[in-house]
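Worksheet for the structure shown next.
2 protein chains.
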Amino acid sequence: MTDWTKQKQERARRLEAAAPFVSGKVVEPGNVTALLKSVICSEDRVCLEGDNQKQADFLAECLTQVDPADVHDLHIVQSGLVLSEHLDLFRLGIARKLDFSYSGPQSAAIARALDQGKIELGAIHTYIELFARYFVDLTPNVSLIAAVSADRNGNLYTGPNTEDTPTIVEATAYKNGIVIAQVNKIVDEVPRTDIPGDQVDFVVEAPRPFYVEPLFTRDPGAVTETQILMAMIALKGIYAEYRPRRLNHGIGFATAAIELLLPTYGEQLGLRGEVATHWALNPHPTLIPAIESGWVQQIHCFGSEVGMDRYMSARPDVYFIGHDGTLRSNRLLCQNAGLYACDMFIGSTLQIDLAGNSSTVTPDRIAGFGGAPNMGSDAHGRRHISDAWLKAGREAAGSDGPLVRGRKLVVQMVETFGEGMKPAFVEELDSIALARKLGMPLAPVMIFGDDVTHIVTEEGIANLLLCRDADEVEQAIRGVAGYTPVGLARDRAKVEELRARGVIRRPEDLGIDLLQADRNLLAARSVRDLVTWSDGLYAPPSKFRNW
Amino acid sequence: MTDWTKQKQERARRLEAAAPFVSGKVVEPGNVTALLKSVICSEDRVCLEGDNQKQADFLAECLTQVDPADVHDLHIVQSGLVLSEHLDLFRLGIARKLDFSYSGPQSAAIARALDQGKIELGAIHTYIELFARYFVDLTPNVSLIAAVSADRNGNLYTGPNTEDTPTIVEATAYKNGIVIAQVNKIVDEVPRTDIPGDQVDFVVEAPRPFYVEPLFTRDPGAVTETQILMAMIALKGIYAEYRPRRLNHGIGFATAAIELLLPTYGEQLGLRGEVATHWALNPHPTLIPAIESGWVQQIHCFGSEVGMDRYMSARPDVYFIGHDGTLRSNRLLCQNAGLYACDMFIGSTLQIDLAGNSSTVTPDRIAGFGGAPNMGSDAHGRRHISDAWLKAGREAAGSDGPLVRGRKLVVQMVETFGEGMKPAFVEELDSIALARKLGMPLAPVMIFGDDVTHIVTEEGIANLLLCRDADEVEQAIRGVAGYTPVGLARDRAKVEELRARGVIRRPEDLGIDLLQADRNLLAARSVRDLVTWSDGLYAPPSKFRNW
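Sequences listed follow chains A and B, in order.
Residue numbering for the first sequence is 75 to 621, as defined by our numbering.
Residue numbering for the second sequence is 75 to 621, as defined by our numbering.
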């Protein structure tokens, strides 16, 4: 007779083992390591939240203090691997296997740990791909999460950084897993219930508020004139041509420049209300001038951003704000919005090859993909139309008709030479060498060339939709690759032919006045300007304050 | 000075207008129509839940009783348009515009209403595509939802049919919209909190429990020997070849036959534990024998299914079950799992053209797509590998290497002649005629040919991955189209060449014994057999009981 309740019994056993260390659902900070030892077993799948912003850092620290003789070979399944404690788990032998999405500051340490055999890599996912697997074959046994406050029944207020939490908790709690939350404060009543208490087993008031990384703040003072030129090229050559209303921006300076040009150059082009009205976007401070100038109707956010909370609370017509008056973000829902409801994704990358494949991986840095491969991919399941989407699809097909689908605009912006004058265009991506070294059957590519529609550099736009074969793609890319070796090796006659066909468009072809590409064109030229635009509501983190 | 709180003020105004008809959050059934009139304004976007199973039918009925002079031109945004009341809203002039996903029983009525100009059609979406737009440009102003029970603070227990509810409520409540729930019972304490009360404005105890359609129950007694043969072909030619462990099945009899053959023919093929271990799936009763035979490790569900609740509650190691002991389903999460975490989608269709495009639309029936275009599409954002996925991708590319992505297996099963001996294979899809008639720029295609990897008929398998051009696709399709006009017009020499290359495989090529294609091969031959397999836990709806 099969026993179909093993997970439930195991859960009951662990909760009983936890009893000496808890009082109801509340745990004292000093008891957390003992609690973790009692509810986590070797080889468990553990999610140690781990978003790209909010971090359950106190629980991470406590988990590193568990004796590896007691708890070892954990399988870490979480979107962000960004704290040194996350790496410590592998170094100490507490964890062995890893499935994740984004590493950021730990990208070099992950590369080293992989090299040393300290980490057995499952896969590098996009966020919602990992979340998808939470419900299929990577369901967490234990999740350690972070929230702003909890009541004694375990009801959680996640605050503006809701991010991954509802998804993690749903996967864990409804599969007889165990959920432990660190909170900044245990209160009598939470301002709103982001996570119902019956999905939460234990809460601990951490000795300090959870850590949040300001990932999406770009100082307008650091935007260069080259980036301004690229932003003008994108606005005139892509925004004005396709008129995408619903979109996502990546986090680089090039897209920050676009945001800062909307109220100036965008206004000159007559685009207000015609493009970029609805967003799936993190709360980029550089979008404040466009919001204040009436460009933006609605924004749904993946997470929050340090310093933006008061501004967003004061703009509930634009942002998703709870009845308590603070932002509600949700990474899964916003990534899904980016996949299925947006006409354009535009972002930066580090390397592009001759087929348009791009990557942010280098042999000594494994940064993860975050959301880019998801947002930057054409959703074949999309069935609603928009003018922007249909125009892109018809350009790709070279025809129209009732069976010609649209295409998502996937735009990669890149300066021909990156940091340290490293060419952005390469014959072979570094990630291929990495795949060889690690024996990966598929190289970690951020966006595959067949999904890229346009590449924008300071030399112009390559419209890959209009290319009819791989050779044309290669020459279109070489044709905007400037003085890099890839650019210098162009077939000049073919590039001129592509230019005559509008596949390549230079600033002069677009009627862009290069003299206008000046910092005076930015709606805000400093973080302080952003504060002024926000009517004093934006409170930048101290590292961005120089006044 | 811009007012950024218009939505919040409008919400407050409406709540005040509602005050005479409510007592706290509780509304008497007799007051609901007056309440709706006070909180819904003409041209509002309204979600009248409306999933493919659970229906807020009492609220639908009340909404039809609002005077169209007071409330008109509503924009209905909901996944399922399945009740006659949903159509009445358009007939009466209360609603005008429609964005939806699935119609089912109302497919003929929708076609007529479109024809008569009673409905202005936005788009037919997949479920998660519509949910995506809830957060971007189709955010509901008012949502009318259904749950099993509520307490007086508005905390909701949705029960096993959670389905769309959390997604609808999050989009509405966090954008200053209004949420009204009909519940079967108002109780002192809900068994678990599926929706926190601070996201719910009003609850009403409906005069009768909400309606649920048993959509996913297929009577084993109605499975034909042709369907058994097709299931054998699929198991030996696809499951055994690619070994997909994570998958979704559509709702037709052909896939029900596969489910019923797992413990018999699948066992003969030695596939237990090797394929179909993890599922994104509705609670198909026909999967019970495979579950009981130890084939299935885990299933996440879009919704529930009438009669399956007690069985699932007793199998918490397999299903996602709350601490209260009942199923938690979630359509968004499960569709995302189907998109990003599954190696295979296999389902039926009505019509297939020479390029492999398929549709369930006919000129007088607009059935909607449901989840098929999403589950049946290759997710370009997927970055984790599996053997099944890589094998499919390499077949498509004709090569491997670090830049060769995998492919999702998208299998369409169809008998060459459908109901009323209508050929399933056609030169042109009926949906193209419909698109012309309605002036749609894109025909309503369920799955586009470029996403289809295999077509299975009783004549064999066409492996489109191995086809190198459009002509080969056409001949591969003709080669399994049997005695339909499309099949008869095959190029016999080319079809034999494709067969020699393994692009087409006949039952005899697969070593399938046609004599085995017998109803005795079914693990259950009746609904009663399913009840027996379930140890009496499955309680089929009365229309499926004949004993």
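Even glycine gets a Cβ: it sits at the ideal position worked out from N, Cα and C.
Kindly indicate if chain B contains any beta-carbon less than 9 Å away from that of A/Asn356.
In terms of beta-carbon proximity, A/Asn356 stays away from the interface with chain B, with every pair separated by 9 Å or more.
Out of curiosity, what's the CA-to-CA distance linking B/Phe164 and B/Arg170?
Approximately 6 Å, taken between the alpha carbons.
Going along the chain, which residues of its own chain have a beta-carbon closer than 7 Å to the beta-carbon of B/Leu157, five neighbours each way excluded?
Closer than 7 Å at Cβ, skipping near neighbours: Gln129, Asp131, Ala134.
Do A/Val526 and A/Gln486 count as a contact pair if the criterion is CB distance below 9 Å?
For A/Gln486 and A/Val526, yes; Cβs fall inside 9 Å.
Under 7 Å from the C-beta of B/Tyr385: neighbouring residues of chain A
Residues of chain A whose Cβ lies closer than 7 Å to the Cβ of B/Tyr385 do not exist; the shortest such Cβ separation is about 10 Å.
Determine, using beta carbons only, whether A/Ile450 and A/Ile521 come nearer to each other than 9 Å.
A small correction: the amino acid at residue 450 of chain A is Gly; Ile does not occupy that position in the sequence shown. Result yes, Cβ atoms of A/Gly450 and A/Ile521 sit closer than 9 Å.
Return the chain-ordered ranges of every alpha helix (DSSP H) run that is complete within the region 500–566 of chain A and spans a minimum of 4 residues.
Qualifying alpha helix (DSSP H) stretches, in chain order: 504–512, 544–552, 559–562.
Do you know offhand how far A/Ala446's Cα is from A/Gly324's?
So the alpha carbons of these two residues sit roughly 8 Å apart.
Residues that B/Gln81 contacts on chain A, provided the C-beta gap is smaller than 8 Å
Residues of chain A whose Cβ lies closer than 8 Å to the Cβ of B/Gln81 are, in chain order, Pro390, Asp391.
Can you pull the chain A residues whose beta carbon is under 8 Å from the beta carbon of B/Ser451, in chain order?
Neighbours of B/Ser451 on chain A, chain order: Ala453, His454, Gly455.
Quick check: the region 225–235 of chain A against the region 251–270 of chain A, are at least 3 beta-carbon pairs closer than 8 Å?
The region 251–270 of chain A vs the region 225–235 of chain A: in contact.
Residue-level contact to chain A via CB, B/Cys416, 9 Å cutoff:
Yes - at least one Cβ of chain A is within 9 Å of the one on B/Cys416.
Between A/Arg439 and A/Ala182, how many whole angstroms is the CB-CB distance? I'm expecting something under 8 Å.
A/Arg439 to A/Ala182, Cβ: 5 Å. Contact.
Going by beta-carbon coordinates alone, are A/Phe205 and A/Thr239 separated by less than 9 Å?
Contact: no.
If we require 3 or more residues per run, which beta strand (DSSP E) segments fall completely within the region 429–487 of chain A?
Here the runs fully enclosed are 483–487.
Among A/Gly196, A/Asp592, A/Ile114, A/Val145, which residue has its Cα nearest to the Cα of A/Leu218?
Checking every option, the nearest Cα to that of A/Leu218 belongs to A/Ile114.
Measure the beta-carbon distance from A/Gly513 to A/Thr531 and round it to whole angstroms, keeping in mind my assumption that it falls under 8 Å.
Contact flag wrong, Cβ pair sits at about 34 Å.
Have a look at A/Val257, A/Val261, A/Pro288, A/Gln301 and flag the residue whose alpha-carbon is nearest the alpha-carbon of A/Ala280.
Closest option to A/Ala280, judged by alpha-carbon separation, among A/Val257, A/Val261, A/Pro288, A/Gln301: A/Val257.
I think B/Val253 touches B/Asp275, with their Cβ atoms under 8 Å apart; what is that distance to the nearest whole Å?
Indeed they touch by this definition, with Cβ atoms about 5 Å apart.
At a Cβ threshold of 9 Å, is A/Lys249 touching chain B?
So, interface residue.
Coil, strand or helix - A/Gln342 by DSSP:
In the structure shown, A/Gln342 falls within a helical segment according to DSSP collapsed to helix, strand and coil.
Is there a C-beta anywhere in chain B that falls below 9 Å from the one on A/Thr531?
Judged by the 9 Å Cβ criterion, A/Thr531 is not in contact with chain B.
Helix, strand or coil for A/Leu401 per DSSP?
For A/Leu401, the secondary structure class from DSSP, reduced to helix, strand or coil, is strand.
Give the C-beta separation of B/Gly455 and A/Asn448 to the nearest angstrom, bearing in mind that I take them to be a contact with Cβ-Cβ under 8 Å.
The beta carbons of B/Gly455 and A/Asn448 sit about 4 Å from each other, so the pair counts as a contact at 8 Å.
Based on the DSSP secondary-structure assignment, which residues constitute the bridge partners of B/Phe174?
Answer is B/Gln152, B/Ile198.
Less than 9 Å between the C-beta atoms of A/Leu539 and A/Glu489, yes or no?
With respect to the 9 Å criterion, A/Leu539 and A/Glu489 are not classified as neighbours on the basis of their beta carbons.
Give me the Cα-Cα distance between A/Glu631 and A/Asp427, rounded to the nearest whole angstrom.
Residue 631 of chain A is absent from the model: chain A starts at 75 and stops at 621.
Whole-angstrom distance between B/Val96 and B/Glu102, CA atom to CA atom:
Rounded to whole angstroms, the gap between the alpha carbons of B/Glu102 and B/Val96 is 7 Å.
Go to B/Cys136, then tell me how far its alpha helix (DSSP H) extends in each direction, as first and last residue.
Element bounds for B/Cys136: 131–138.
Local Cβ density within 10 Å of B/Gly191, reported as buried at 16 or more and exposed below that
By the neighbour-count rule (16 or more Cβ atoms within 10 Å), B/Gly191 is not buried but exposed.
For B/Gly494, which beta-bridge partners are listed by DSSP?
DSSP links B/Gly494 through a beta bridge to no other residue.
If you draw a straight line from the C-alpha of B/Leu148 to the C-alpha of A/Ala247, how long is it?
Roughly 38 Å between the two C-alpha positions.
I want to see whether chain A comes within less than 9 Å of B/Met514, judged by CB atoms only; does it?
With 9 Å as the cut-off, B/Met514 counts as an interface residue toward chain A.
Which stretch, first to last residue, makes up the beta strand (DSSP E) that contains B/Ala143?
Here B/Ala143 belongs to no beta strand (DSSP E), and DSSP marks it neither H nor E.
Using 8 Å as the Cβ pair cut-off and three pairs as the minimum, do the region 289–307 of chain A and the region 352–368 of chain A touch?
Yes: at least three Cβ pairs fall under 8 Å.
Cβ pair count under 8 Å reaching 3, the region 391–409 of chain A against the region 417–426 of chain A:
No, because fewer than three Cβ pairs between the region 391–409 of chain A and the region 417–426 of chain A fall closer than 8 Å, the two stretches do not touch.
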